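Here's the structure, in structure tokens; my notes come after.
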Amino acid sequence: MKIPTLLAILDEETACYQKMEKILSDEEESISFSKNARFDEVQSEKNALLLKFQQFEEKRKPIVDALSEKYAADGKPLTISQLAKLVKPPYGEKLLGRANRLRSIIGSVQEKNSRNQLLIHQYLDLTKESLKLLTHLMEDDSVYQRPGIRHAAAGYHCGGGRLIRGSV
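Shown next as structure tokens:
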């Protein structure tokens, strides 16, 4: 029967989302100037987990399609709530319970991910502004100027006039 397989996949997906929630907590802790190596590790873990999500999706899709063909009059994909109303009693409640648990953890993961994305963007903005500040503070003592830069007048950085001597 397809329903127990679907329940097992939903349980595996829920466990995967719980791992993602833990990884996102680790990511939040690693977003700083001093923990770049840990941040890179967390990103690798996150990417590996995203591949698992794709695998679950590939496993779940044919099962949902088969169940939709069996239970839906028009053969269109069913939601878990719709499917729960159409299956035999113990499975309907189990499907709803699994779906509610999965929705809850997905909401939590989305919230943490949004918060982390905001932190990452703030971190990048701070880094860009720091680089801009440092770039403008550095004085250019190079012999050759970049094209398009006006040369300062004879040794004065302020661009004032030249000193001319009356006698040589």
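Its first residue numbered 78, the sequence shown is counted upward by one per residue in the numbering used here. Note that CB positions come from ideal geometry on N, CA and C, so glycine has one too. All figures in this text were calculated on a predicted structure; none of them were measured in a lab.
Test: residue i CB closer than 8 Å to a CB of chain C
i: Gln187; result: Among the chains in the structure shown there is no chain C, since it carries only a single protein chain.
Coarse secondary structure for residue i, derived from DSSP in three states
i: Tyr233; result: Unreliable positioning characterises Tyr233 in this predicted model, as indicated by a pLDDT of 47, which lies under 50. The coordinate reading is nonetheless provided below. In this structure, Tyr233 counts as coil in the three-state DSSP scheme.
i: Pro139; result: helix
i: Ser111; result: coil
i: Pro81; result: helix
i: Ala149; result: coil
i: Thr91; result: helix
Exposure of residue i, with buried meaning 16 or more beta-carbon neighbours within 10 Å
i: Asn193; result: buried
i: Arg175; result: buried
i: Glu104; result: buried
i: Glu106; result: exposed
i: Ala143; result: exposed
i: Ala161; result: buried
i: Leu163; result: exposed
i: Leu155; result: buried
i: Asp90; result: Note that residue 90 is Glu in the sequence shown here, rather than Asp. Burial call: buried.
Nearest neighbour of residue i, chosen from the options [CA to CA]
i: Glu170; options: Asp151, Ile157 and Arg180; result: Ile157
i: Lys138; options: Asp202, Thr212, Asn177 and Ile86; result: Ile86
i: Ile197; options: Glu90, Ile108, Pro81 and Lys209; result: Ile108
i: Gln132; options: Leu172, His213, Cys93 and Pro167; result: Cys93
i: Leu126; options: Gln95, Leu173 and Lys209; result: Gln95
Would you mind listing the alpha helix (DSSP H) stretches within the segment 152-219 that are 4+ residues and don't spill past its ends, in chain order?
157-163 and 166-214
Take every Cβ of the segment 148-166, pair it with every Cβ of the segment 108-125, and state whether three or more of those distances are shorter than 8 Å.
no
Any contact of the segment 93-101 with the segment 117-134, i.e. 3+ C-beta pairs under 8 Å?
yes
Is it a yes or a no for the segment 199-207 touching the segment 182-189, going by three-plus beta-carbon pairs under 8 Å?
no
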